[in-house]
Each structure stands twice: as structure tokens, then as C-alpha cells.
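All remarks here apply to the structure that follows.
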Amino acid sequence: MFRDKDRFLNILLISPSILAVLIFVYAFIGWSVRVSLSKWKGLTADYTWNGIKNYLDLFADPRFQIDIRNTLIFTGVFVVGSILLGFLLAVMLDQGLKGESFFRSLFLFPMAISYIVTGVVWRWLMNPAAGSRTSGLNLLFTNIGLDSLVNQWHTTPTWGIAAIALAAIWQMSGYTMALYLAGLRAIPEDLKEAARIDGANETQIYRYIMLPLLSPVTLSALIILGHMSLKVFDLIVAIAGKQLPLDVPAIYMWQITFDGLFYGRGAAVGVLLLISIAVLIIPYIRYTTKMEAEQ
Amino acid sequence: MKTQLRLGKYWLYIPLVLMTIFYLLPLYVMIITGFKSFAEIDLKTMWNLPHGIAFDNYIEAYSKLAPSLWNSFAMVIPAALISSMLGSLNGYVLAKWKFRGADVIFPFILFGMFIPYQSILIPLVQFMNLVGIKGLPGLAMAHIIYGIPITTLTFRNYYASLPQELLEAAKIDGADMLGIYRYILLPISMPSFVVVLIWQFTSAWNDFLFAVVLTGNRNWPITVALNNMAGSQIISWNVQMAGSLLAALPTLLVYIFLGRYFLRGLLAGSLKG
Chain A
1 MFRDKDRFLN ILLISPSILA VLIFVYAFIG WSVRVSLSKW KGLTADYTWN
51 GIKNYLDLFA DPRFQIDIRN TLIFTGVFVV GSILLGFLLA VMLDQGLKGE
101 SFFRSLFLFP MAISYIVTGV VWRWLMNPAA GSRTSGLNLL FTNIGLDSLV
151 NQWHTTPTWG IAAIALAAIW QMSGYTMALY LAGLRAIPED LKEAARIDGA
201 NETQIYRYIM LPLLSPVTLS ALIILGHMSL KVFDLIVAIA GKQLPLDVPA
251 IYMWQITFDG LFYGRGAAVG VLLLISIAVL IIPYIRYTTK MEAEQ
Chain B
296 MKTQLRLGKY WLYIPLVLMT IFYLLPLYVM IITGFKSFAE IDLKTMWNLP
346 HGIAFDNYIE AYSKLAPSLW NSFAMVIPAA LISSMLGSLN GYVLAKWKFR
396 GADVIFPFIL FGMFIPYQSI LIPLVQFMNL VGIKGLPGLA MAHIIYGIPI
446 TTLTFRNYYA SLPQELLEAA KIDGADMLGI YRYILLPISM PSFVVVLIWQ
496 FTSAWNDFLF AVVLTGNRNW PITVALNNMA GSQIISWNVQ MAGSLLAALP
546 TLLVYIFLGR YFLRGLLAGS LKG
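Take a look at the structure:
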């Protein structure tokens with residue numbers, strides 16, 4: 001009797017959330033797929049069947065090719081930069097120096113602020129104006145005699161997106177540092193001690209013992225940062241607005257749908273983004289839930 | 296040997312201080328620009344410290360951004376509270392009352408926290424128009440629903456770490472499912488609530504994508520208002536810097552005072568409770 005009531009309450013408590021996720025995630029994805037296969041262009045919905053034409057047109061669009069190139073450059077610079085910097089910071093902070101917690105909080109604070117704030121500030125730091133209008137980091141470099149570092153930042157042809165990745169590294173490297181630091185702390189001190197007795201120096205210990213043991217952390221970081229870079233949106237909007245040379249799929253989708261009213265094409269971009277992220281994330285979720293079940 | 300190691304260690308302060316400068320540069324510019332008087336503003340001297348302390352820029356920025364700051368608070372607070380409550384109940388059921396299929400449902404809920412919102416954006420806007428939920432309530436609703444995966448994950452991991460005996464003892468004493476939650480689990484869930492509330496507060500406050508498609512110029516939250524201010528030609532860069540600091544301040548203060556809990560939320564987000 002009692003147990004039946006409990007079981008009923010269980011279902012009652014959790015079903016609103018399950019229903020909400022079912023509708024707002026899964027049904028909406030299905031709805032987006034349907035829109036992407038339609039002729040909908042304009043203010044009123046039009047579900048006339050259009051096959052995969054929106055997808056074909058998308059891949060033929062030179063703008064989308066710029067998007068793919070930009071996403072690849074951004075992902076490369078951002079993921080590699082954040083992982084390297086995060087790892088180095090974690091190793092330095094793992095040495096038991098005075099002020100460790102101060103540095104740790106400091107490197108992590110950009111995580112608390114929005115991409116929009118980061119973007120608005122970095123826009124001024126990366127001001128590409130030259131001559132008497134030089135400002136931001138270029139001005140700082142000139143003032144301290146590092147003129148060779150003066151550059152065009154995000155207005156550099158082709159590689160401009162890498163400057164935006166720099167702002168993203170500023171924001172996210174503290175996160176990889178935190179991941180690595182948690183990983184380092186989980187490795188028993190005995191292992192290091194044993195290696196020291198065997199005559200390994202500190203560099204060798206990190207290179208041959210810690211780094212391999214940290215590979216699950218590196219994998220998590222790769223997947224989390226990789227999926228973030230596929231989604232990058234607000235940071236670019238805040239730094240550069242909707243400029244074509246710095247376009248990415250998320251901005252393309254937003255603009256063509258809500259400015260251009262080309263819903264079919266916009267939905268196709270959304271679905272492609274989802275597929276590229278699902279390829280990364282679904283194995284990751286399966287892996288982590290399996291690991292948990294084994295424990 | 297030992298002294299050598301120690302000397303080696305002190306070297307590390309050089310890269311650490313250089314990195315500190317890198318992380319603080321944007322904050323430095325925001326703060327010193329904000330405290331300069333309008334007369335002192337000049338791009339050529341943007342790296343110089345202010346001569347005195349003035350509030351011109353903050354006053355100007357606040358007069359432009361105040362309504363959106365309050366819009367953000369009005370939307371974020373209920374969103375964070377409700378999604379935390381839902382996450383706690385879901386986590387309790389999924390961790391402690393495993394009904395058939397609970398372990399199958401959980402990964403499906405989790406997937407929702409990684410999806411690119413571009414893939415549900417068109418249906419979301421259509422749906423909100425259809426049911427007539429507009430502006431801030433609609434935005435809060437989106438944050439509540441898309442917050443369910445992470446809040447559920449955090450609470451589920453916490454409740455799963457509690458011994459089952461805790462529940463069994465209460466059951467023998469005659470407590471039912473809700474009673475166990477109310478009198479045993481809820482009182483010891485406060486640290487998890489803090490983690491989840493901070494996380495939801497921060498991510499809803501910082502969101503731009505949902506805000507820009509679900510609100511109009513009368514109910515913009517702060518991120519949209521700040522972005523539009525930065526995009527306009529009329530408002531000068533110094534006011535933008537002051538505005539950025541105002542927009543960042545609420546989450547920054549939460550981070551400064553509750554950083555420990557912030558970090559735990561961050562690590563939970565990578566699926567490692």
C-alpha cells in the first residue's frame with residue numbers, strides 16, 4: 001500500500017520535468033528538422049516539402065564556407081590554447097607556492113562574467129586603428145617598446161578569428177586550469193615520491209607520470225571546449241557585430257532566420273550544428289555514465 | 296638538494312605574475328576608465344591611472360542601463376529558484392527511488408544541456424508566440440526548462456553519494472517519500488542548493504542568445520542592452536567600459552564571495568560530480 005503511494009508520488013514529481021525536456025528539447029529538435037526540410041521563407045510559416053534543398057544550398061553558399069573555415073581556425077586556436085595554458089597554470093599552482101589560492105581565484109574570475117562583457121572590453125583592447133588613433137593593446141605595446149607586437153587583431157584577413165579566440169582563451173583557460181588542478185590533486189603523492197626515489201626530475205615526473213594519468217581530464221577538456229567553440233556566438237557578436245569575415249554558423253543561423261526570415265535555411269544550420277555537437281557529446285555521455293555504473 | 300628545489304620554485308612567480316597581468320588587463324581598463332572624469336577621457340591616455348576619482352562614467356552608464364539591470368534581476372531570480380527546486384526533486388527521485396527506466400532517462404535529460412540552442416530556437420520562438428508567453432516571463436521559462444539538465448545532474452550526484460541506510464531508517468520509522476525528502480534530505484542539501492543557485496544565476500544573467508530572440512527593446516536584460524550600447528556610435532567607449540563593469544558586477548560579486556561553490560558548479564558541468 002505504502003510503496004504504491006510512493007511510486008505514484010515519484011512519477012508525479014518527476015514527470016513535469018521529463019515532459020518539459022521531451023517537448024523543449026526532443027520535440028523542438030524534430031520541429032526544427034521539419035522546418036529545415038520546408039520552403040519557409042517569410043513571416044508566415046510555410047511547411048511545403050522541399051527535401052534537402054536547404055542543406056544543399058547551404059553548402060553551396062560561399063558565406064557558409066567562410067563559416068566552416070572560421071570555426072576550424074577558432075576551434076584549433078581556442079582548444080589548444082586553453083588546454084596548454086590551463087595545464088601549465090595547474091602545474092605551476094600544484095607546487096605548493098604561497099598565494100596559490102589567490103592566483104587560482106584570479107585565473108578563474110573571467111568565467112563569472114558574460115561573453116558580452118568580455119567582448120565589449122576586448123573590442124577596445126584590440127582596436128586596430130593606426131597612427132594618432134592607436135589605442136588599446138597596440139598603444140600599450142608601443143608604450144613599452146614592443147612595437148613588433150602591434151597588429152590588426154580581428155581585422156586581420158583570414159586569421160582575424162584567431163584574435164577572437166584569444167579573448168575566448170582569456171575567458172576559459174581558468175576552467176581548464178581548474179579541471180587539471182582537480183585531476184592533479186587526485187593523483188596520490190606516493191607515485192611522485194616513488195619516481196623521485198628512482199631519480200626522475202620534476203619535469204620528467206609531469207611528462208611521464210602525471211600527463212598520462214591526466215588523459216581522462218584532457219579528454220573531458222577537449223570535448224567540453226570543442227563543443228563550446230562550435231557554439232561560439234555572443235563573443236563574436238560583441239566584438240565584431242555581424243561582419244562577414246568573422247561569421248560563424250551560430251551567427252549565420254541567427255541572422256538569416258531573424259533578420260532574413262529565411263526559416264528553412266536557418267533551421268538547416270541549427271540541425272547541422274546539433275549533429276556536429278552530438279557526434280562529440282553522445283559518446284562522452286555514454287562513457288561517463290558507464291564509468292559511473294562500474295564504480 | 297632541498298634549497299635548490301626551493302630556488303627553482305621561486306622562479307615560478309615570474310610567469311605567474313605575468314599571467315596575473317594578462318588576466319587583469321581588461322578589468323584594469325574597465326575600472327580606471329570608469330573612475331576618470333569626462334574631461335580626462337582620451338584614447339591616448341587610456342592606460343594611465345585617473346588623476347582623481349570621478350563617477351561621471353558610472354552615472355552616465357547607469358542612467359542608460361538601469362532598466363535592463365532590473366529586468367535581469369526580475370528574470371534571473373525566479374528562474375534560478377525554480378530550476379534549482381526542480382533539479383532537487385528530480386535528483387532525489389533519480390538517485391534514491393530508481394523506478395524502472397530511471398537510468399535510461401537520465402542520459403536523455405543530460406543531452407539537453409549540451410545542445411546548441413540554435414537547433415531549437417525557431418520552435419521556441421514559435422511556441423512562445425503560440426501560447427502567448429512573451430518577454431521576461433518567457434525568457435525566465437526558457438532558463439528554467441533548459442536549466443533542468445544541469446540542476447538535476449548536480450543534485451542527483453549529491454544524493455547518490457548519501458548512504459541508502461539514511462532512507463531505510465526513516466522508512467522504518469514510517470516516513471513516506473515526501474517526508475524523507477522534506478525532513479532528511481532537504482536540510483542537508485543547502486550546500487548543493489548554493490552551488491546550483493549560483494550556477495543558474497550566473498548562466499541566466501550572462502545569457503545573450505535567448506534574451507535577444509525572446510525580448511524586445513522594452514524588456515531587454517542587461518546583456519542585450521550592453522551589446523546594443525556598444526554597437527551604437529553615439530555612446531563613447533568610456534561609458535561602455537563603465538557599463539561593462541556594471542553588467543559584470545552582480546556575478547563578479549557572487550564569485551568573489553562564494554567562489555568555492557562556483558567552482559563546484561563548474562566542475563559538475565563537465566559531468567564529473
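Residue numbers (the numbering used here), protein chains in the order written: chain A, 1 to 295; chain B, 296 to 568.
For each residue, glycine too, the CB sits at the ideal point set by N, CA and C.
No Cβ of chain A is located within less than 7 angstroms of the beta carbon of G347(B). According to the DSSP secondary-structure assignment, W49(A) is paired through a beta bridge with S38(A).
Within a 10 Å sphere around the beta-carbon of G174(A) sit 16 or more other beta-carbons, which makes this residue buried. The CB of M536(B) comes closer than 9 angstroms to the CB of V120, V121, W124 in chain A, given here in chain order. Within a 10 Å sphere around the beta-carbon of S38(A) sit 16 or more other beta-carbons, which makes this residue buried. For the set H438(B), T449(B), I377(B), the Cα lying nearest the Cα of F401(B) is the one of T449(B). Cβ contact annotation for L480(B) (same chain, cutoff 7 angstroms, sequence separation greater than five): Y387, Y454, in chain order. For the 7 angstroms CB-CB criterion, A542(B) and V117(A) form a contact. Counting only runs of 4+ residues, the alpha helix (DSSP H) found wholly inside the segment 185-217 of chain A occupies 189-197, in chain order. A195(A) is outside the set of residues whose beta carbon lies under 7 angstroms from a beta carbon in chain B.
By the Cβ criterion, the segment 179-188 of chain A is not in contact with the segment 245-258 of chain A, since fewer than three pairs of Cβ atoms, one from each stretch, lie closer than 8 angstroms. By the Cβ neighbour-count rule, P310(B) is exposed, with fewer than 16 other Cβ atoms within 10 Å of its own. Here F59(A) is exposed: its Cβ has fewer than 16 other Cβ atoms, across all protein chains shown, within 10 Å. Legend: CB atoms of the segment 88-103 of chain A lying less than 7 angstroms from CB atoms of chain B belong to residues L89, M92, Q95, L97, F103. Taking a cut-off of 8 angstroms on C-beta distances, the segment 255-271 of chain A touches the segment 51-70 of chain A, as three or more cross pairs fall below it. When D198(A), H154(A), L139(A) are compared, the shortest CA-CA separation from D147(A) is found for L139(A). Within the segment 381-465 of chain B, the complete alpha helix (DSSP H) segments of 4 residues or longer fall at 397-406, 416-426, 430-455, listed in chain order. A distance below 7 angstroms separates the beta carbons of P110(A) and W170(A). Among the residues facing chain B, V25(A) is included, as its CB has a counterpart in that chain under 7 angstroms away. A residue is called buried when at least 16 other Cβ atoms come within 10 angstroms of its Cβ; N201(A) does not meet this threshold and is exposed.
CA-CA distance, G564(B) to I445(B), rounds to 7 angstroms. In the three-state reduction of the DSSP assignment, L344(B) falls in the coil class.
Counting the other CB atoms within 10 Å of its CB gives L504(B) a total of 16 or more, which places it among the buried residues. Using a Cβ distance threshold of 7 angstroms, A375(B) and L492(B) count as a contacting pair. Straight across, the Cα-Cα distance linking R133(A) with K339(B) is about 8 angstroms. Using a Cβ-Cβ cut-off of 7 angstroms, A165(A) does not count as an interface residue toward chain B, since no Cβ of chain B sits closer than that to its own. Taking a Cβ-Cβ threshold of 7 angstroms, the residues of chain B close to M253(A) are Q413, in chain order. When rounded, the separation of the alpha-carbon atoms in E189(A) and K98(A) is 19 angstroms. In this structure, DSSP gives R513(B) a state outside helix and strand, which the three-state scheme calls coil.
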